[in-house]
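Using our numbering, you'd call the opening residue of the sequence shown number 57 and step up by one each time. Glycine included, each C-beta is placed from N, C-alpha and C at the ideal position. Inspection log for the structure reproduced underneath, given as structure tokens.
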Amino acid sequence: MESCRAVKPRKKSAIPGVTIKQFVEVIPKGCSTPDFERKPITLTLQEGKNAMFRAVVKGEPPPKVIWKRKKEEMNNPDKYQMSFNGITNEFILQINKLTAEDTDLYHCSAVNEYGEAACTAGLKVIQDLKKELQDYRKMLRKRTPLPAQKKEVDMEQIWQLLLNADRKDYEKICLKHGIVDFRGMLRKLQQMKKDREDKQQQYIYSVTNLKHIKVNKEGNATFHLEMDLKNPESRIYLYKDGQLINYGFNDDKVKHCLRQAGKKYNFTINHLQLEDAGVYQIKVEDVDVFSTELEADFIPVGFRHLLSEVHCHEQGNAIFECSLYSPCYDAVWLYRKQPIEENDKYKISISPDGLTHQLVIKNTQLTDKGTYTLDIRICSSSAWLEVEQSHCHFNKGLSDVSAQKGKPTVLSCSLNNDQVEETSFKDEFKPLTGLDEVSSEKYGLVHKLIDTVEDSHAGKYKFEAEGVKTEVSILVEDPPNVDKALLEKLMKEPVIVKAGQNAMVKIPFKGQKPVRATWLRDGDELLNDARIHIDKADSFTQLLISSTNRKDCGDYKVKLKNESGTLEASLKLEVIDKPQKSIGPIEVVDSSTTGITIQWKPPKDDGGTPVQNYIIEKQQVGRKTWVTLGETSKNNSTFTTNKVRQDKSYRFRVQAVNAEGKSKALESDEVMAATKAFPGPPVPPQIVSANKESITLSWKAPPKTGNSRILGYIVEKRKKGSNIWTSITDLPITDRKWMVTDLKEGLQYEFRVAAVSATGVGEASAPSDAVFARDPMKPPGRVRDLKVTNTDYTSIALAWMKPSSKEGGSAKGYRVEKRSSDSLQWTHCNTVPIGLTTCTVKGLQAREMYFLCVKAINEGGLGEALALDTCIQATPSIVNPKFLRDDTMKNLMIIKAGNCIRVHMPFEASPTPEVIWQKDGLPLPSRAIVSTRDGLSQLLIPSAEFSDSGLYTIILQNEWGKKESFSFQVQVTDIPQSPGPILLQEKILNTVTVIWEPSPTEKWESNLYYVVMKRDSNKGSWQVVGDLIYTNKFTITKLIPGRGYYFRVVAKNYMGTSDPSETVQPWIMQKEKDEFKVRLPKYRRVNQNMPPRFLVQLKPHVVTTAFDCHMSCAVSGYPKPKITWYKDGRNLSEDPTFFSTNDFGVCCLVIPGVTKRDEGEYKVEATNELGHAVSKAMLIIKDPSF
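Quick look at the structure:
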């Protein structure tokens, strides 16, 4: 419809390639038709990329932008995304994941109520070097059903799969199955491998040469391993996705097959299908040995039943069909190696499960024989089509017909032999012989069926002769139909009603149901409202307009449409009424003490019937009655009356009369019957233009015209500085504009004007502005390179370059104008022209959008404006959020309980971002106080509690989604509480083990450690014998027998040292007595030999980086065992970074200044000739928290 609205072409757009249509004759002031400031450009992109068209439009009111493409609709929201960028003022069309089908012309149009601007841009998609078959596969992919839901896999199977996978595949498997804790996964795998090895030792000597599952060209999958079983009779099980499955031995006919050759075990999965995808596991008895995964993407498609050769008669239908083992939805049919597309000749079908594919070749000809192939990517199947020639064939077959009900239709075909017997059928089984209104004729080789079409004749017709046939379908159309006499009457005779009465038009019709009726007036569709009511029935449509008025006049049309066609009926509606009042104002042609003459203009609308005459009445000012003065004919709009009295004022009114009555009255202003008065002075004349040969003036009528109408004007001139005025014409000038000639170039002139009426010449106006008689200076050209140099919340700074001297006169200054985005009015930013090429526009509203332009100015006037391309927002320049890192911003804060937590976070950003504080990913507790201003955000917690410990995060986010975050750890702690009571044990000579109850502070303090001290009972000073102890036990050696000792334990952290826990009584070391020698008879010595045994096992240690680690244990055995330390299986005896001691069976290993590389499993091995013993423990290294 929009294309029909354009009534007036417009000049070309400034942008090449843009066409503009205007919908109305006159565009209101301040409004405009749409146009493009920047149109979308043609793109050439590679397949798989995203295309983005951008357009910037203008127009008032703002136009709506519509995107279309030439070949098809853009209905897929995921494919086509249309948006508007308010910052750049761009309308954007984004096309995702380009394919070859996206190559097209794309149409962009901008529309408002006054017009339309349109342009096109091309998109060319470049494909990689691919086979032509892939293009057709893309067309067939639309038949692909939704993919099957992903099978749920037991996580235990995933861990088994990881156990047997290469390390390079860990990441892929974790991502596929949602394992995100990569470190935790590695630790768990390490433990699982050890557990599995222990279990496998029950049944298996070794497992080697593991080969994961692979798919071969024959469509089978194999995986194998080498396994040395302790018992050859051990049972081997095969599982798929946790379910036990049966397999055969050395038999390719079964689905799952095992072949064994010595220690080699080879498993085969034959005839792969999609349901074979999954995780396969091998178990020996109940022990996992090997796991591997068959992914669905690697399962090929194969043929279950191949294509077979097809024979058919000429003009018959040939059918090829085959079936597959697995679904395939992008297979391609080929004929002589050329792809086949579905059309009237070929019908291609795929079963819903994707397994059965069929090709139907219709109306085969001798040229159709040949090889037909179904290509399913990895393989194909081909078969031959043999077309057998018939002795009888058609020179011309039947063709489909659309026939109109009630009119004759002819079906015609031609054979190559006129001696054959033919038979005609309708709908496959009804012979045409004997059907009503159907006649069959034969003219030599031509056979014809002729009938007058009715609804019963719709259907499929077939003509057969000696094994050949031709088919045709008849579609019976019954378009809407209206009586011709009624149509002619409506076109010739208008429908006439009087104003205020109802207008009703009823149009009966016939035709195939349903029939849709649409009423239009002057091209616009009519809809039901308070006055208009449209009725629609199966056989008629009716339009009712209640209380008609003159606006209802016009050309009406009703469109009747059904599936068979469209019919239009036109009519004209005329509403007759009283005439409108005459066009004013009433002018006083002459006024005196003896008479008054008035004049008016005929009414714009005569009411549909001609004006017959005018009635003139008068009213004396101060009285209420109107007196009729007389009448004038319809062609006379001037009236003179002498029924007046001197110095009395009167009003006059005029009414137009037609056959329907009188119009409303047109009243005049007060008119006095007085002596003649001269016109007053007009305002000074304005200079329209000036050059060396002429000066053009214009002026307005004087405010006071006297008591007679103005007949003309006298214009006078004088040289600047002279007192002599001369008239420029001999007779009064009737127009209010005049071009003055007869001037001397270079002189300066002034002009004045006096009005002339019947009473005489009125007073002259004041002189005009002085003007030179010379050619005007050219206005300057357009300024160049206008740009924004800075913005804030109240101002925008601009800079530009002077206009080119080739485009106009030199600029004497510049004018800057602005308008807000919700206004059409431009306002000046400076009252005096600016001499510089920079300007700061101040006094703006924060965050308001503004349009800005600059014009150069000189004596010749203003140059063309140059506006910024986009709307500018009064905000500071965009600075992405950024923290101003300094020494005060730490990653760890240790706060004493009860003290305040105060954190300052300086940042820079423009505009001011949103500041979000979080603790452990959640909002801050209510006790926390956050304040932000002037690039600084502060967090304050007045009194820290232990629950305030955690990870704090501050996030800066601006309105465009840019984010910056900083996280730091807060640990709230306090001076630790004292350890519990001390227990002493002496198990080894000269050695004491100190055991104590842990400090209550351990519940919330992770960095707590202990210090053990001793004091000789005879000496007053304490000595540190153990530091950085993270357990609740410590063994002290090398004590002097016979002496007494006191022991003390204190707890320490970053905040200080706890009160000590001490022994009350001294612990006295037992002293060996001197050997008392007694000569006894010799006896056989007792055997003291014993294998090594650990009295105290190694304990796990958690040590902070850079601190020393002390690991100890106690061992017994005779002869004295040899002690060897290991880390992750590596002997530490020769490593100088570790040192160890063995004092009377107390074995210590010291690791000074631990690092992350020291983390792992430590083992101490004690060995003598009678055996060996092992003790293991883990060492975990943690990062310092400060």
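With DSSP collapsed to three states, give me the class of residue i.
| i | result |
| --- | --- |
| P203 | Note that P203 has pLDDT 42, beneath the 50 cutoff, so the model's placement of it is unreliable and the number below is only indicative. Coil at P203, not helix or strand. |
| N1243 | The structure shown has nothing for residue 1243, since the chain only spans 57 to 1242. |
| T650 | coil |
| H327 | coil |
| M55 | What the structure shows of the chain is the stretch from 57 to 1242, and residue 55 is not part of that stretch, so it cannot be assessed. |
| K674 | strand |
| C87 | coil |
| T731 | coil |
| C384 | coil |
| Y1008 | strand |
| D539 | coil |
Ignore the nearest five residues each way along the sequence and tell me which others in residue i's own chain have a CB closer than 8 Å to its CB.
| i | result |
| --- | --- |
| D91 | S69, A70, I71, V74, I76, V113, K114, G115, A166, A173 |
| E444 | H367, C368, H369, E370 |
| E726 | V677, S705, Y706, R707 |
| I766 | P735, A757, P758, A811, V812, S813 |
| G657 | Rather than Gly, the amino acid found at residue 657 in this sequence is Lys. Contacts found: S638, I639, G640, S693. |
Measuring straight from C-alpha to C-alpha, what distance separates residue i and residue j?
| i | j | result |
| --- | --- | --- |
| S870 | N914 | As written in the sequence, residue 870 is Tyr, which differs from the Ser given in the question. Whole-angstrom Cα-Cα distance: 9 Å. |
| E911 | V872 | It should be pointed out that residue 911 corresponds to Lys in this sequence rather than to Glu. C-alpha separation (whole angstroms): 6 Å. |
| F354 | L1064 | 56 Å |
| D37 | S1077 | With the chain covering 57 to 1242 only, the question about residue 37 has no answer from this structure. |
| Q711 | D661 | 13 Å |
| S347 | V340 | 12 Å |
| L501 | S470 | Any reading at L501 is ruled out, since the residue's pLDDT is 49, under 50, leaving its predicted position unreliable. |
| K718 | N669 | 10 Å |
| L787 | K776 | 24 Å |
| G865 | L803 | 22 Å |
| T731 | S648 | 5 Å |
| T845 | P117 | 30 Å |
| T264 | K1238 | 37 Å |
Between which residues of its own chain and residue i is the CB-CB distance below 7 Å, once the five residues before and five after are set aside?
| i | result |
| --- | --- |
| K319 | E282, M283, D284 |
| L582 | W575, L576, I588, I590 |
| D344 | Q216, R252, Q337 |
| H1228 | P1148, E1221, A1222 |
| I751 | I743, V796, L799, Y805, V827, A829 |
| L430 | L363, C378, A387, W389, H413, S436, S437 |
| H1310 | In this structure the chain extends from 57 to 1242, so residue 1310 is not present and cannot be described. |
| N955 | A1000 |
Using 8 Å as the threshold, is the C-beta distance between residue i and residue j below it?
| i | j | result |
| --- | --- | --- |
| D1164 | P1208 | yes |
| L422 | W389 | no |
| A387 | T420 | no |
| K105 | L161 | no |
| W1052 | P1035 | yes |
| H1166 | C1204 | yes |
| A953 | F1022 | no |
| T1049 | T1091 | yes |
| E365 | A439 | yes |
Please determine whether the Cβ atom of residue i lies at a distance below 7 Å from any heavy atom of the ligand SAH.
| i | result |
| --- | --- |
| S1073 | By its list of ligands, the structure shown contains no ligand whatsoever, and the ligand SAH lies outside what it can speak to. |
Residues in the same chain with beta-carbon distance under 6 Å from residue i, minus the five sequence neighbours each way, listed in chain order, please.
| i | result |
| --- | --- |
| P1175 | N1224 |
| G621 | P535 |
| D848 | P932 |
| T1119 | I1038, Y1102, F1103 |
| A715 | T665 |
- the stretch 1176-1190 touching the stretch 1083-1096, judged by at least three CB pairs closer than 8 Å: no
- Item | Three or more C-beta pairs below 8 Å linking the stretch 259-268 and the stretch 303-311 | The stretch 259-268 and the stretch 303-311 do not touch, with fewer than 3 CB-CB distances between them shorter than 8 Å.
- Message: Does the contact criterion of 3 or more C-beta pairs under 8 Å hold for the stretch 925-943 versus the stretch 975-985?
- Response: These segments do not touch.
- Message: For the pair the stretch 992-1004 and the stretch 958-972, tell me if three or more CB-CB distances fall below 8 Å.
- Response: yes
- Query: Does the stretch 133-149 touch the stretch 94-110, meaning 3 or more C-beta pairs lie closer than 8 Å?
  - Reply: yes
- Touch check for the stretch 625-637 and the stretch 694-702: three-plus C-beta pairs under 8 Å? no
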